[in-house]
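First up is the structure itself, then whatever we jot down about it.
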Amino acid sequence: MRDAGAVYKVSKNRLAKIALADTQYAPLSDLLTGPVAIATSTDPVAAAKIAVEFAKTNDKLEIVGGAMGDTVLDVDGVKALASMPSLDELRGKIVGLINAPATKIAQLSTAPAAKLARVFGAYAAKEAA
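Mapping of the sequence shown onto the numbering used here: position 52 corresponds to residue 163, and the numbering continues sequentially without gaps.
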């Protein structure tokens with residue numbers, strides 16, 4: 112979790128409910144029954160992705176829900192969130208999409224000059240022969 116920029120804390124339910132009171136995450140209090148831990152991250156996908164991956168290989172970790180902003184997520188919602196690309200992956204895709212047209216324009220603008228150079232080279236070779 113730490114490598115992905117997420118934090119995972121085991122907490123007393125009573126203390127967690129007090130901390131969640133009067134915040135946008137207050138509806139999560141209903142999920143706090145039995146032994147629980149809370150995973151948080153600034154990237155909305157990082158904590159969910161790591162927790163779901165770990166839950167696949169470890170039967171003792173059970174995901175009961177989560178939240179993203181004001182939206183409370185059930186187990187399927189957390190798994191769907193984990194399947195999304197991370198913030199860094201999305202940034203990379205956006206940069207690639209922005210860069211692709213510029214690369215194509217550069218290729219198209221140099222293509223006519225390259226064709227002319229090949230034609231002149233062919234004429235020069237023909238006259239030399």
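Yeah, the Cβ is synthetic: ideal placement off N, Cα and C, and Gly gets one too.
As assigned by DSSP and simplified to three states, the class of residue i
i: I149; result: strand
i: A117; result: strand
DSSP beta-bridge partners of residue i
i: V186; result: Partner(s): none; V186 has no beta bridge.
i: M179; result: T182
i: S140; result: Its beta-bridge partners do not exist; DSSP assigns none.
Residue i versus the options, residue with shortest Cα-Cα distance
i: P196; options: N124, V156, A150 and D185; result: V156
i: S122; options: G116, I149 and D181; result: I149
Cβ-based burial, residue i [other Cβ within 10 Å; buried from 16]
i: I209; result: exposed
Inset, instruction - Report yes or no: do the stretch 127-134 and the stretch 157-174 share at least 3 C-beta pairs separated by less than 8 Å? - result: no
Legend entry - Cβ contact (3+ pairs, closer than 8 Å) linking the stretch 227-235 and the stretch 183-198: no
Legend entry - Any 3 or more C-beta pairs closer than 8 Å across the stretch 174-189 and the stretch 200-209: no
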